[in-house]
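Peer 1: Numbering (our numbering), first residue to last: 1264 to 1378. Ideal placement from N, C-alpha and C gives every residue a C-beta, glycine not left out. These figures come from a predicted structure and were not determined experimentally.
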């Protein structure tokens, strides 16, 4: 009886310690930008990247965009004239009727792309 209690206690300890000490996996989509110039406006909460802008994330990626505007208030990334635009995984895709080479809008909150 005592041996069974020790075995049960060790099993519960292993099971609980794995749940307690395991690292939580975040679902944040980190956007990694590269560009020639970046200008941040703290008042409007926007960042403008210009000159060969590249972005890589787990949802979308592109290279050599002319300009990218990141608006933190609306959670939008406006991409102007990107090359090699790739959609890896998004929740929704909509077509605005504009030329897709002109501007593509990616919403980071809803994970949707408007082309």
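So, helix, strand or coil for residue 1265, using DSSP?
Peer 2: Three-state DSSP puts residue 1265 in a helix.
Peer 1: With a cut-off of 8 Å on the beta carbons, I'd call residue 1299 and residue 1313 a contact; round off their distance for me.
Peer 2: With a Cβ gap of about 6 Å, residue 1299 and residue 1313 count as contacting.
Peer 1: Round the Cβ separation of residue 1376 and residue 1367 to the nearest angstrom and send it over; I've been treating them as touching at under 8 Å.
Peer 2: Confirmed, about 7 Å.
Peer 1: Are residue 1342 and residue 1321 closer than 8 Å when you measure CB to CB?
Peer 2: Cβ distance not < 8 Å, so residue 1342 and residue 1321 don't count as in contact.
Peer 1: Using CA atoms only, rank isn't needed, just tell me which of 1293, 1277, 1301 and 1365 is closest to residue 1344.
Peer 2: Checked all of 1293, 1277, 1301 and 1365; the closest Cα to residue 1344 is 1365.
Peer 1: Looking at residue 1371 and residue 1338, is the spacing between their C-beta atoms short of 8 Å?
Peer 2: Yes, these two residues count as a Cβ contact at 8 Å.
Peer 1: Compute the Euclidean distance between the alpha carbons of residue 1323 and residue 1273, then round it to the nearest angstrom.
Peer 2: Straight-line Cα distance between these residues: approximately 45 Å.
Peer 1: When you compare only the Cα positions, how much space is there between residue 1325 and residue 1305?
Peer 2: Taking the straight line from one Cα to the other gives about 26 Å.
Peer 1: According to DSSP, is residue 1272 helix, strand or coil?
Peer 2: Three-state result, residue 1272: helix.
Peer 1: Between the beta-carbon of residue 1318 and the beta-carbon of residue 1295, is there less than 8 Å?
Peer 2: Yes; because the gap between Cβ atoms is below 8 Å, this pair is in contact.
Peer 1: Alpha carbon to alpha carbon, how far is residue 1331 from residue 1315?
Peer 2: In a straight line, the C-alpha of residue 1331 is about 10 Å away from that of residue 1315.
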